[in-house]
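Numbering (our numbering), first residue to last: 1099 to 1269. A virtual CB, placed ideally from N, CA and C, is assigned to each residue, including glycine. None of the values given here were measured: they were computed from a predicted structure. Presented below is the structure to which this report refers.
This is how it looks when you write it as structure tokens:
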């Protein structure tokens, strides 16, 4: 079976490092060649809560889109995303890009609109895939980031997964 390149956005604002590492470990069970962008802290968007840390993952999968999305929801649930008493967002994993797909797939719109709206998605995506062209806009992610006028402040933060520091010191 052929592999499709996917880009996923991950974020957390509760026990952030713990949940994000757990999410990455779970993803590693069914995705191959996982690469992570630098990690950024940002103020919450759309909810009242503490600061988030976010980053983007590039990987390959043999799963159909809807099966991938279903598994991501299970990972989120395993980390308390849908718990009735939760006080924030323990783990959020969104499909940003699935190959070159563009459109609405059973309610999952690709490429994800947040790419162009949120600095905590676009900046990490521009770092991990600078030359990749946004399939809906026709510009590279590096160009989109350079042209972005998004009023959000991001701060690079140290984050380690499996012994690897994801955020370079010179960022």
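Query: So, do the region 1215-1227 and the region 1148-1167 have three or more beta carbon pairs nearer to each other than 8 angstroms?; Result: yes
Query: If residue 1158 sits next to residue 1200, beta carbons under 8 angstroms apart, how far is it from one beta carbon to the other, in whole angstroms?; Result: Not quite, the Cβ-Cβ distance comes to about 19 angstroms (not below 8 angstroms), so this is no contact.
Query: Would you report the Cα separation of residue 1262 and residue 1136, rounded to the nearest angstrom?; Result: 11 angstroms
Query: Quick one: what's got a C-beta closer than 7 angstroms to residue 1197's C-beta in the same chain, skipping five residues either side?; Result: 1102 and 1103
Query: Report buried or exposed for residue 1227, applying the criterion of at least 16 other Cβ atoms within 10 angstroms of its Cβ.; Result: buried
Query: Residues in the same chain with beta-carbon distance under 8 angstroms from residue 1248, minus the five sequence neighbours each way, listed in chain order, please.; Result: 1215, 1216, 1217 and 1220
Query: Could you work out which residue in 1204, 1174 and 1148 is closest to residue 1162 when comparing CA atoms only?; Result: 1204
Query: Rounded to the nearest angstrom, how far is the Cβ of residue 1105 from that of residue 1140, given a contact under 8 angstroms?; Result: Incorrect: roughly 18 angstroms between the Cβ atoms, too far for contact.
Query: Considering Cα atoms alone, identify which of 1114, 1124 and 1254 is closest to residue 1305.; Result: The requested residue 1305 does not occur in the structure, where the chain is confined to residues 1099 to 1269.
Query: One question on the structure: do residue 1195 and residue 1173 come within less than 8 angstroms of each other, judged by their Cβ atoms?; Result: no
Query: Within 10 Å of its beta-carbon, does residue 1266 have 16 or more other beta-carbons around it, so buried, or fewer, so exposed?; Result: exposed
Query: Return the Cβ separation of residue 1259 and residue 1119 in integer angstroms, given the expectation that the two are a contact with Cβ distance under 8 angstroms.; Result: 6 angstroms
Query: Assuming residue 1193 and residue 1167 form a contact by the criterion Cβ under 8 angstroms, report the distance between their Cβ atoms to the nearest whole angstrom.; Result: 6 angstroms
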